[in-house]
Structure formats: C-alpha cells, structure tokens
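Remarks on the structure that follows.
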Amino acid sequence: MTSVLNLARITIDFPQKVNCVCLTKKQEMIIGTTIGELMLFEIKKENNTLNATLKTKVIHNKKKIEKITIFCGNLLVFCQKTLTYVSLTNFEPICVLGQPKKVESFLIDQKNESMIFMKSGSEFSVLEWDNKDKQFNLLKNLILVPFIDAVWYGDTLIFKPKSQALQRISIQKPNITDLGISGDLKLLSIGSKKFLVVSKTKTITSYELTHKSKKEVQFGSFPNILIYFKPYIVCVNSQTISIHTTYNFEEVQVTNFAGAEFICHNSKKILILKSQECYFFEPVSNNKIITQMVDNKQYTQAIEFYITNYHKSSKSYQQKLNKLHNKIGFRCLKDLKFGIAFESFKQGSINAIELIDMDDEFRLVNEQKLLNPLSSKGIRIQNILESSQFLEKKKTNEYFHEQEVKRYRYFLMIYLEKRKNENIDEKEQIEIDSTLIKLYALFKENSKFDQIIKSKNKGNFDSIEKFLTKNNLIIQLCKFYSQNNNIEKSLKIISQLIQQEKEKGKGKLKEKENAKENEIKNENEKEIEIENEKKNEKEIENSIGNEGEKDLKKKEKGLTKKEMLLIELLKENIQDEALIFTYSRKILETIPKFAIKIFFQKRDPPLDPNEVCEFLETIDQKLKIKYLEYLVNIQETQIGKYHTQLAKYYIKKIQKESTLNNLETSIMSQNISEYGMIKKITKKLKELIKQSEYYDSQSILDEIGDSPLWEIKVQLLKRLERHRDALSLLVYRIEVPELIYQYCDSIPQEKQEPIILDLLYVTLHPINKCMVRLGETILYLRKYSKKLNPLKVLNLIGDNGLLSTFKEFLNISISRSIHKSSGKLIDLNFKKNNLLHLKKKLSVINSQYFVLDEKVNCKFCDQKIGNVVFIRNADGNLFHHECFKKFQLSKSVVQTKNVLEK
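Residue numbers for the sequence shown follow full-length UniProt numbering, beginning at 1 and rising by one.
Right under this line is the structure:
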C-alpha cells in the first residue's frame with residue numbers, strides 16, 4: 001500500500017496532566033494542562049531525531065484548560081466556560097470573547113480563519129476579528145436548539161441536535177433546513193465547498209454546493225477523531241490511523257497506532273500524543289507518493305493524485321502530467337500490458353522515436369541517446385522478453401518471444417497512426433512514416449501500405465529499402481519503388497520473380513512427367529491408360545503461353561500476386577511508352593485477359609493509339625481488337641479509322657469462323673452453342689454500325705463483299721444514300737415487311753416520295769431472276785398513296801400491261817387530286833370576296849365627315865371627348881383611347897359568355 005504520511009517520534013520530557021494540544025505554523029507545540037498551564041515546546045530535528053524543548057511555560061488559570069486553538073496569529077484558550085484571546089508570544093490575554101463563564105463551545109471558520117462561532121446557551125454568536133482595530137466585531141446572533149456536533153461549511157452551519165436529524169442554517173438566510181440524516185454521526189468540513197457526514201454504517205455522505213453523493217467506505221471501526229489534512233481525511237480509531245483521499249474516499253494508508261489521545265495539525269504536519277509519547281505525521285512528497293503508486297501499479301490513483309494536488313495554472317503542469325503518463329506507459333510495457341501502455345502514451349503524447357527505438361528491428365542507428373530520461377536506460381522489447389519474470393512463460397510456450405514481439409509491433413503501429421496526425425516536428429514525422437511503412441509491410445496491411453506510399457510521406461528511402469529487402473518483402477518493395485520514381489527498377493524485379501516462378505513450375509512439371517514415365521515402365525497392364533496421361537501432361541507443358549480460351553481460363557484462376565502487381569505497376573502513369581511495351585509483352589502472352597487492362601488506364605499524357613495498336617498486333621490480333629473496342633466504346637474516340645478498323649476486324653472474324661455456305665444459317669440460327677461466337681460478333685458489328693458516326697461506310701461495305709451480312713449492308717447503303725440497293729436487299733434477301741416499312745418511315749417526310757418510288761421500282765424490277773412482287777407493290781401503293789404523285793407512279797409503271805392492276809390506286813389518287821384542287825379554288829374565291837367587302841366598307845367610312853365639339857361624348861364612359869386622343873370605330877362612334885380598349889375587352893367577354901350559354 002502507498003505511504004502518504006510518515007510517522008516520526010518526537011523525543012520530549014512529557015509533561016503531566018495534558019488535556020489539549022495545538023500546533024503553530026512554526027512547528028511549535030502548545031500544551032494545555034488540567035491545572036491551567038500553557039506550555040510552548042520548540043521542535044527541532046537533530047541527527048535525524050526530532051526533539052521537543054520547553055521554551056515557555058505560564059499559568060493561565062488554575063482550572064483545567066479544555067481547548068486551545070491557533071487563530072489569526074494568536075491563541076484562543078477555552079477554560080471554565082470562558083473564551084480568551086491570548087498572545088502567542090507571551091501568553092498574555094488580549095481580550096475575552098462573550099460573557100465570562102457563559103460560553104459553552106466555539107468553532108472557527110476554516111476557510112477565512114477570521115470568524116469565530118461561539119455558543120452561549122441557545123444563542124449562537126458570529127464574531128469576526130478586525131485585524132486593523134485589533135478587536136472582535138459581532139456580525140450576527142442566531143437562536144438554535146442544543147446540538148452535539150457542528151461544522152462550518154462556507155457561510156453555513158451544519159449541526160446535529162441531540163434527538164433530531166442533521167440540520168443546516170445560513171448566516172445570510174437564517175432558515176433552518178433538515179438534511180434528513182440521523183443517528184451517530186461525525187461531521188467534517190473540507191474547505192468552503194464540501195463537508196462530510198460519517199455514520200456508523202461506514203458510509204460517507206459528501207455534500208457540495210451543487211449535489212450530494214454517498215459512498216461505502218471500509219473503516220476498521222467508527223472513527224473517534226476525524227481530521228481534514230489536505231488532501232486527505234485522517235480517521236483515528238482505537239487501534240489504527242487510516243488515511244483516505246478526498247476525491248473518492250479510498251483508503252491509501254493504514255498505520256497501526258493504538259491509544260491516540262490528542263491530535264492536532266497545521267497545514268504541514270499532524271501532531272499526535274498518547275500517554276507519554278509524542279509523534280509527527282509528516283506528508284511524503286507528492287513525487288514520492290506518485291512513484292510509490294506507479295511501483296505498486298496503482299496507475300489510475302497516481303494520475304488522480306497528480307490532478308488533485310497540482311495546480312493546472314502552473315506552466316509545467318501539463319508537461320509533468322505527460323511525463324507521468326509516459327512513465328506509466330513504460331512500466332506497462334515491461335509487464336507486456338500493451339493496451340494500458342497505449343492509452344498512457346496517447347495521454348502523454350510521447351515522442352514516437354522513443355517507442356520506435358525500443359525494437360531492435362527499427363532501432364535508430366544514428367541516435368546517440370534517447371529523448372526522454374524515462375527510457376534513457378535503453379529499454380528494448382527483446383531484452384524485456386528475456387528477463388526473469390517471463391522465464392516460465394518461455395518454457396511453456398515455444399512461440400512466446402515471437403508472439404509478444406508481434407504484439408509490441410502491432411501496438412507500435414496503432415500508436416504511430418494516432419501520433420502521425422498530431423502537430424509534431426519533421427524529424428519525428430520522418431521516423432513515423434518510415435516505421436509505419438515497414439510495419440504495414442510486415443503485417444500485410446496492403447491497403448494502408450498502398451495509401452501511405454501514395455501519400456506525401458516523409459519516410460527515409462534508404463532505411464525502408466534496406467528493411468523491405470532484408471525481410472524479403474519483394475511485392476511491397478516493388479510498390480515502394482514505383483511510388484518513388486523508380487518504376488523501371490520495380491518492373492525489373494517483379495518480372496524476374498515471375499520468370500523464376502515459371503521456371504520452377506516447368507521443373508516441377510518435368511519431374512512429374514518423368515515420374516509418369518517410370519510408372520508406365522513398371523505397370524505394363526495399364527499401358528494404354530498411362531499413355532493417355534502422358535499425352536495430357538505434354539499438352540499441359542505445351543500450353544504455357546498458349547492463348548486458347550481454355551488455357552486462358554486456367555491462367556485467370558491461377559493469377560499470382562506478383563502478376564497482379566506487375567499489371568498494377570504497368571497501369572501507373574508511366575511516361576515512357578517503351579518501358580510499358582517492354583515489360584507488358586510477356587504478361588500479355590501468358591494472361592492476356594488481365595494484362596490488356598494495362599492499356600485501358602487513363603494516362604496523362606495518353607498513350608499513342610497507333611503505337612499501341614501496332615504493338616498489340618505483334619502479340620495477338622485479339623488484343624488489338626480488345627484495345628479498339630476500348631477506344632471506340634469507352635473512350636468514344638472520334639477518329640474514324642479506329643471505328644473502321646474495328647468493324648473490319650469483326651467482319652474478318654465472322655468470315656473466318658464460318659464459310660459462306662453456312663454463314664447466313666449461323667447468323668439466323670437459335671443454336672447458341674453451335675453458332676454462339678458468330679452471333680456474338682455479329683451483334684457487336686450491328687451495334688457499331690448503328691451507333692457510330694465516324695466509320696468509312698464504303699470501306700466496310702467493300703470488306704463485306706458478297707458475305708450475307710444483309711442487315712449490316714442495308715445500314716451501310718442507307719448511310720451512302722444508295723436507297724434502291726438497300727431496298728433491293730430488304731425485299732429479296734431479308735424479306736421482312738416490317739423492316740421495309742421501318743426503313744421508309746425513318747426517312748424525313750419531305751424526302752420520302754423518291755424512297756417509296758425506289759421501293760416500287762425494286763418490286764417491279766426483280767434481281768437474280770426473281771419473280772415480280774405485284775402483291776407487295778399493291779400493298780406499298782395502298783400504304784403510301786397519299787405521299788405519291790400519280791403521274792410519277794404512271795411513269796414508273798410504264799407501258800408494260802400492268803396499268804389495269806393498279807386501277808384502284810389510280811382512281812383514288814386522281815379523285816383525291818381533283819378534290820384537293822377544287823378545295824383550293826373555293827378557298828381562294830372566298831378570301832377574294834371577303835377582301836372586296838372590307839375595302840367597300842372602308843371606303844364608305846372614309847367618305848363621311850363628323851364634327852367634334854363640346855357636345856360630343858365618349859360612347860363608353862359618356863364623358864366629354866375634350867382635347868385627348870380619341871378613336872372612331874367602323875360604326876361611327878367616338879371613344880377615348882383608353883376607353884376604347886376597355887370597350888373591346890368587354891365586348892369579347894360578352895361574346896364568350898353567349899357562346900358558353902349556347
């Protein structure tokens with residue numbers, strides 16, 4: 001247990017008949033005896049021994065001195081119900097307080113130390129010492145019931161009547177309040193903001209200005225004497241003296257001390273007398289107390305003690321508190337309590353370099369000494385694990401050392417992540433970044449590793465490079481190189497590793513093949529079966545680098561981390577195109593489906609598409625097609641040659657996959673398993689022809705040639721405005737009427753007539769000895785009769801004996817034309833007559849004259865026209881200009897109403 005007060009015996013020629021005692025600020029002891037003597041002892045330390053020497057002795061009264069107290073630099077002596085204020089230098093009386101022989105008890109305000117509360121019968125007087133006039137002034141008289149015990153709490157008196165509950169009264173507002181606590185109690189005032197009530201149930205009730213709280217406290221027995229000795233509560237029992245804190249009342253020290261009779265204190269020491277012995281309780285220094293608590297692993301108590309006993313206003317307060325947190329952190333590290341250590345270091349904001357230096361793997365070689373004296377002994381986590389306290393664990397757990405080092409490094413990583421975001425100097429930042437990169441690599445924290453090396457970290461390049469190389473963290477090393485403008489070195493390393501793995505794989509494959517051959521020799525009965533297995537093994541060996549679909553799927557499943565890393569590195573914004581081409585070739589040959597994504601990455605500046613196409617074509621035409629698809633569909637390039645090239649590649653692929661005899665069947669077939677590839681590519685080609693605006697139609701049409709890609713040909717001919725050829729394919733090759741109608745309807749109306757005439761021409765003039773499509777021609781004439789000129793249709797039909805076939809169309813068309821012409825003539829004559837009527841009416845109006853004088857009124861408002869602007873309508877009525885507008889509006893409203901009523 002922590003020792004906060006040291007007990008020291010005082011050598012003294014003990015006087016007889018001691019009845020009370022007090023201690024001055026000068027560490028002088030005053031004793032009041034039962035025979036009225038006042039004795040002053042001077043206490044000095046000589047040869048590590050405390051000695052008390054009698055300095056002054058006077059007879060104050062021949063009767064027993066009941067109580068003495070230091071007050072305002074002098075002494076209050078209570079004897080024979082008389083309270084006398086006595087000089088401390090010569091014990092001469094200064095004055096008598098109250099009426100002699102009528103004072104029953106008195107209390108001192110421990111906060112101000114200038115007020116006395118004196119009880120005489122039921123009257124309670126509050127007196128204040130006036131240091132200027134050297135006299136006591138009466139402040140207030142209170143009337144109270146008799147009480148057993150009382151304490152002053154600020155300006156409030158807390159008292160316990162004999163048979164009632166604890167009560168409270170204020171000097172400012174003398175109203176008594178019942179606190180609701182009864183029974184055998186001990187009261188203790190703690191400054192001006194708190195007082196304690198201790199009951200026999202071992203419960204301390206703490207009262208403060210804002211609230212109250214209760215706490216169970218273990219006492220050996222109900223305390224005989226209770227003292228507040230800042231920052232402790234001293235409980236004196238018959239056999240022990242226990243010390244408790246004031247913030248949580250926990251017991252911090254117990255001293256066996258029986259028979260204490262008198263106890264007093266000043267701000268620095270406690271004086272205890274028993275029988276013929278005298279003792280000092282001297283406070284242990286705060287630093288020693290904290291050290292004891294840390295040694296006893298009372299970490300929380302140590303922090304609370306520091307916060308309670310040190311002033312926050314001090315400049316060094318936070319610095320010392322941080323130092324304490326860090327001291328606790330190092331102590332926890334020695335016990336491998338990494339969780340508590342982390343919280344302590346976080347609170348103490350320890351310089352990260354000290355923790356980094358604790359691990360031999362990350363030790364700073366250039367550091368001559370550590371920054372914090374707490375760790376200046378050169379603590380190493382490896383040394384801690386070799387200490388005697390962990391011998392048993394090492395015996396029972398073979399991996400104890402390895403596990404705990406790993407735990408420390410994980411703790412270090414978490415702390416550095418937190419520390420990195422604080423305001424730290426550049427030197428510490430460099431070490432944090434360097435160590436975090438190493439730790440992320442060790443713990444395979446790939447996302448964090450990638451994030452930190454891509455950020456603007458200040459890690460030491462050489463240190464990180466050596467560490468990653470030493471620990472064979474090749475993938476992390478390559479990533480690190482790539483982010484530090486050394487991409488070529490990174491690519492070279494990873495390429496060599498991939499090649500080495502392939503060679504090892506070939507070696508294992510060869511060993512396996514040899515084993516199979518030996519097995520064939522030994523097992524003649526299974527000769528045929530073994531021969532087949534041998535062929536399969538040879539096929540696997542020969543498939544390395546093969547670009548077939550089945551092999552590609554196998555490679556996809558077996559993609560290694562190194563291959564993935566190489567692809568990611570090549571996807572970085574590398575400026576040197578030659579570097580990309582050099583290191584991507586082999587991986588494009590082995591895993592093309594993944595590797596082609598290297599060229600799908602957006603770069604600044606972008607790669608030259610021409611050079612990429614040329615490069616990919618040297619490896620495999622399929623890769624070039626993939627890249628062209630990326631350019632056209634994703635990048636949406638507007639360069640026409642890439643659209644044209646892609647379309648031609650599709651056509652070549654289709655022609656290669658199927659002969660001319662079965663191509664048309666395969667395109668139209670529903671058998672996906674048999675013709676799936678052709679249908680898939682044909683669909684891509686159709687979408688490209690339909691959506692793109694940049695390809696060369698004639699070039700693609702030439703590429704198709706005689707291939708039966710009829711729908712695609714139709715789209716191309718339409719774009720070239722070769723409508724007759726397009727319609728010919730629709731009528732005689734595709735033969736789907738809905739597509740013919742769609743084709744015609746897709747043409748703007750003002751341009752539809754020549755297209756429909758082309759359609760009629762195609763149906764009447766078949767190709768390749770096909771029959772004339774008269775039925776279809778009649779259907780088209782019926783559908784589009786309104787859009788056709790009969791004369792043009794007659795010219796198209798010509799003198800071939802088919803005129804009677806189109807009699808119905810001609811009758812409808814001619815009658816529609818006549819009706820349309822008649823309607824136009826009627827409309828024209830109506831408009832002419834209406835115009836003549838208006839002209840005649842206007843002529844009549846203009847030929848009339850009128851007189852405007854004072855007698856003429858406005859037709860709308862019936863007021864004189866006067867000299868304002870006026871209007872004369874067709875009926876000859878005159879209006880003000882503004883009134884005429886209103887007249888027109890009202891007239892339209894009336895007309896509308898009449899229409900609605902009808």
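Backbone N, C-alpha and C fix where the C-beta goes; we use that ideal spot for every residue, glycine too. Every value quoted in this text rests on a predicted model; they were computed, and no experiment measured them.
>> Any contact between the stretch 622-640 and the stretch 693-712? By contact I mean 3 or more CB pairs, one from each, below 8 Å.
In response: With three or more CB-CB distances shorter than 8 Å, the stretch 622-640 counts as touching the stretch 693-712.
> Quick one: what's Gln167 bridged to in DSSP?
Replying inline: Taking the sequence shown and counting its residues from 1, the one referred to as residue 167 is at position 167. Answer is Phe159, Asp178, bridged to Gln167.
> Assuming Val126 contacts Ile171 under a Cβ cut-off of 8 Å, what Cβ separation, rounded to an integer in Å, is found between them?
Replying inline: Along the sequence shown, one-based indexing puts residue 126 at 126. Along the sequence shown, one-based indexing puts residue 171 at 171. About 6 Å; that satisfies the 8 Å criterion.
>> Between the alpha carbons of Lys553 and Asn610, how many angstroms are there, rounded?
In response: In the sequence shown, counting from the first residue as 1, residue 553 sits at position 553. In the sequence shown, counting from the first residue as 1, residue 610 sits at position 610. Below a pLDDT of 50, predicted positions are generally treated as unreliable, and Lys553, at 40, falls in that range; no measurement from the model is reported.
> For Asp433, which three-state DSSP category applies?
Replying inline: In the sequence shown, the residue the question calls residue 433 occupies position 433. Look at Asp433 here: in three-state DSSP terms it is helix.
>> Mapping the DSSP letters down to three states, classify Asn19 as helix, strand or coil.
In response: Along the sequence shown, read from residue 1 onward, the residue named residue 19 stands at position 19. If DSSP states are grouped into helix, strand and coil, Asn19 belongs with the strands.
>> Rounding to the nearest angstrom, what Cα-Cα distance links Glu753 and Lys891 in this structure?
In response: In the sequence shown, the residue the question calls residue 753 occupies position 753. In the sequence shown, the residue the question calls residue 891 occupies position 891. If I take the Cα positions, the gap works out to 49 Å.
> If you drop the 5 nearest sequence neighbours on each side, which residues of the same chain put their C-beta closer than 6 Å to that of Leu144?
Replying inline: On the sequence shown, position 144 is the one that residue 144 refers to. Only Phe124 meet the Cβ criterion.
>> Assuming Leu685 and Tyr650 are in contact, meaning their beta carbons sit under 8 Å apart, how far apart are those beta carbons, in whole angstroms?
In response: For the purposes of this step, residue 685 is taken as the residue at position 685 of the sequence shown. For the purposes of this step, residue 650 is taken as the residue at position 650 of the sequence shown. Sure, about 4 Å apart at Cβ, within 8 Å.
> Closest to Val96 by CA distance: which of Ser87, Leu88, Leu83 is it?
Replying inline: Walking along the sequence shown from the start, residue 96 turns up at place 96. Of Ser87, Leu88, Leu83, the residue nearest in Cα terms is Leu83.
>> Which same chain residues end up closer than 6 Å to Met115 when comparing Cβ atoms and leaving out the 5 residues on each side of it in sequence?
In response: Your numbering for residue 115 matches position 115 in the sequence shown. Cβ within range, chain order: Asp109, Glu128.
> What is the residue span of the beta strand (DSSP E) that Asp184 lies within?
Replying inline: Taking the sequence shown and counting its residues from 1, one reaches residue 184 at position 184. It is not in any beta strand (DSSP E) - Asp184 carries neither H nor E in the DSSP assignment.
> Quick one: what's got a C-beta closer than 6 Å to Gly548's C-beta in the same chain, skipping five residues either side?
Replying inline: On the sequence shown, position 548 is the one that residue 548 refers to. Confidence is the limiting factor: at Gly548 the pLDDT is only 36, short of 50, which leaves the residue's position unreliable and the question unanswerable from this model.
> By Cβ distance, which residues of its chain are closer than 8 Å to Ile865, with the 5 residues on each side in sequence left out?
Replying inline: By 1-based counting over the sequence shown, the position of residue 865 is 865. Once the five neighbours on either side are set aside, the close Cβ partners of Ile865 are Leu852, Val856, Asn857, Cys858, Leu878, His880.
>> Quick check on the burial criterion: 16 or more other C-beta atoms within 10 angstroms. Buried or exposed for Lys438?
In response: To locate residue 438, count along the sequence shown from 1; it is residue 438. Buried, by the Cβ-count rule.
> Helix, strand or coil: how does DSSP classify Gly801 here?
Replying inline: Locating residue 801 in the sequence shown gives position 801, where the first residue counts as 1. Residue placement at Gly801 is poorly supported in this model, since its pLDDT is 48, which falls under 50; the coordinates are not used for a value here.
> Taking just the CA atoms, how far does Glu104 sit from Asp184?
Replying inline: The residue labelled residue 184 in the question sits at position 184 within the sequence shown. The residue labelled residue 104 in the question sits at position 104 within the sequence shown. Each residue's alpha carbon lies about 21 Å from the other.
>> I need the straight-line Cα distance from Ser463 to Lys470, nearest angstrom please.
In response: One-based indexing of the sequence shown puts residue 463 at position 463. One-based indexing of the sequence shown puts residue 470 at position 470. In a straight line, the C-alpha of Ser463 is about 11 Å away from that of Lys470.
> Quick one: what does DSSP say Pro373 is sitting in, helix, strand or coil?
Replying inline: On the sequence shown, position 373 is the one that residue 373 refers to. Low confidence applies to Pro373: its pLDDT is 39, below 50, so where it sits in the model is not reliable, and the reading given next is rough at best. Looking at Pro373 - three-state DSSP - the assignment turns out to be helix.
> By the 10 Å Cβ neighbour count, where 16 or more other Cβ atoms means buried, how is Ile89 classified, buried or exposed?
Replying inline: Along the sequence shown, one-based indexing puts residue 89 at 89. Inspection of the sequence shows that residue 89 is occupied by Thr rather than by Ile. Exposed, since its Cβ has fewer than 16 Cβ neighbours within 10 Å.
> Hey, Ala165 and Ser182 are a contact pair by Cβ (cut 8 Å); roughly how many whole angstroms apart?
Replying inline: Position 165 of the sequence shown, counting from 1, holds the residue named residue 165. Position 182 of the sequence shown, counting from 1, holds the residue named residue 182. Yes, Ala165 and Ser182 are in contact; Cβ-Cβ is about 4 Å, under 8 Å.
> Does the distance from the C-beta atom of Leu727 to that of Leu759 stay below 7 Å?
Replying inline: Locating residue 727 in the sequence shown gives position 727, counting from the first residue. Locating residue 759 in the sequence shown gives position 759, counting from the first residue. For Leu727 and Leu759, yes; Cβs fall inside 7 Å.
>> Does Phe461 pass the burial test, meaning 16 or more other C-beta atoms within 10 Å, or should it be called exposed?
In response: Counted from its first residue, the sequence shown places residue 461 at position 461. Exposed is the call here.
> If you compare alpha carbons, which of Met564, Phe78, Gly73, Asn6 is closest to Glu37?
Replying inline: Counting from 1 along the sequence shown, the entry for residue 37 is found at position 37. With respect to the C-alpha of Glu37, the residue from Met564, Phe78, Gly73, Asn6 having the closest C-alpha is Phe78.
> What is the residue span of the alpha helix (DSSP H) that Met293 lies within?
Replying inline: What you label residue 293 is simply residue 293 of the sequence shown in a count that begins at 1. Its alpha helix (DSSP H) spans residues 286-295.
>> Am I right that Ile494 and Leu569 are in contact with their C-beta atoms under 8 Å? What's the rounded C-beta distance?
In response: For the purposes of this step, residue 494 is identified with residue 494 of the sequence shown, where counting begins at 1. For the purposes of this step, residue 569 is identified with residue 569 of the sequence shown, where counting begins at 1. So it is a contact: roughly 7 Å between Cβ atoms.
>> On a Cα-Cα basis, can you pick out the residue from Lys690, Glu721, Ser699, Lys653 that is closest to Ile678?
In response: For the purposes of this step, residue 678 is taken as the residue at position 678 of the sequence shown. Measuring from the Cα of Ile678, the nearest candidate turns out to be Lys653.
>> Please give me, in chain order, every unbroken run of the alpha helix (DSSP H) with length at least 4 that falls completely inside the stretch 564-615.
In response: 577-590, 592-595
>> For Glu261 and Ile241, what's the separation of their Cα atoms in angstroms?
In response: As a first step, residue 261 must be located in the sequence shown, where it is residue number 261. As a first step, residue 241 must be located in the sequence shown, where it is residue number 241. Roughly 12 Å separates the two Cα atoms.
> Under a three-way DSSP split, which group does Pro754 fall into?
Replying inline: Along the sequence shown, read from residue 1 onward, the residue named residue 754 stands at position 754. Here Pro754 sits in helix by DSSP.
> Skipping 5 residues on each side, what residues in its chain have a beta carbon closer than 8 Å to that of Leu757?
Replying inline: On the sequence shown, residue 757 is found 757 positions in, with the first residue counted as 1. So the qualifying residues of the chain are Leu788, Lys792, Val793, Leu796.
>> Quick check: Ile767 and Ile755, are their CB atoms within less than 7 Å of each other?
In response: Walking along the sequence shown from the start, residue 767 turns up at place 767. Walking along the sequence shown from the start, residue 755 turns up at place 755. Going by C-beta atoms, Ile767 is not nearer than 7 Å to Ile755.
> By DSSP, does Gly329 sit in helix, in strand, or in coil?
Replying inline: Counting from 1 along the sequence shown, the entry for residue 329 is found at position 329. Looking at Gly329 - three-state DSSP - the assignment turns out to be helix.
>> Could you give the first and the last residue of the continuous alpha helix (DSSP H) run that contains Tyr228?
In response: Locating residue 228 in the sequence shown gives position 228, where the first residue counts as 1. Taken as a continuous stretch (DSSP letters only), Tyr228 belongs to no alpha helix (DSSP H), being part of the beta strand (DSSP E) at 225-229.
> How long is the line joining the alpha carbons of Tyr299 and Lys186, rounded to whole angstroms?
Replying inline: If you number the sequence shown from 1, residue 299 lands on position 299. If you number the sequence shown from 1, residue 186 lands on position 186. Roughly 32 Å separates the two Cα atoms.
> So, Phe342 versus Tyr415, is the Cβ gap smaller than 7 Å?
Replying inline: Within the sequence shown, residue 342 is the residue found at index 342, counting from 1. Within the sequence shown, residue 415 is the residue found at index 415, counting from 1. Contact flag set, yes.
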